[in-house]
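Participant: Here you go, one structure.
Residue numbers (the working numbering): 16 to 192.
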């Protein structure tokens, strides 16, 4: 509960043309810049019908611009696509993000996808961020697991750095299990 001028974050507005999409139906994006560590957090829902839509590319282009400027970026949410399809879209605009969720099928509950295994939820980030991702908890009334992480400031490339919390005593039952 912060007054607006005291918040350690600010909401960011991305301009989309009126004819790009119906935002309330196909794409929901919340962008927050954390003022304490200068990380842009994108929380997204993308419908399956939107994978190659212009508005999707507008958001990804904005992320690319931030990365090109050396900003730290995390994109997380329900992207409703297989990673290869998403990477194809990313390649179109030359966006480089690393998938931090190593468990390929650990993001949704099979009953929510008619028994099919599919990765629909993602935590992608620029390589200048260190993340400890905690093991997802299964929710009571949703088709997705809850995923959360700790973010660490890092100036260098983090390729190959283990992203999952390896603390055996972690209350979140973390680790590669």
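Think of the CB as a built atom: it goes at the ideal place given N, C-alpha and C, for glycine as much as any other residue.
Please name the residue in 46, 52, 54 and 53 whose C-alpha comes closest to that of residue 60.
Facilitator: 46
Participant: Compare the Cα-Cα distances from residue 58 to each of 92, 49 and 48 and report the closest residue.
Facilitator: 92
Participant: For residue 140 versus residue 113, is the C-beta spacing smaller than 8 Å?
Facilitator: yes
Participant: With DSSP run on the structure shown, which of helix, strand or coil describes residue 16?
Facilitator: Residue placement at residue 16 is flagged as unreliable, the pLDDT there being 46, under the threshold of 50; a coordinate-derived value is accordingly withheld.
Participant: Would you please state the rounded distance, in angstroms, between the beta carbons of residue 81 and residue 88? I believe it to be under 8 Å.
Facilitator: 5 Å
Participant: Consult DSSP for residue 145 and reduce its assignment to one of helix, strand or coil.
Facilitator: strand
Participant: How many Å lie between residue 137 and residue 90 at the Cα?
Facilitator: 8 Å
Participant: Straight-line CA distance for residue 83 to residue 166?
Facilitator: Cα to Cα, residue 83 sits roughly 20 Å from residue 166.
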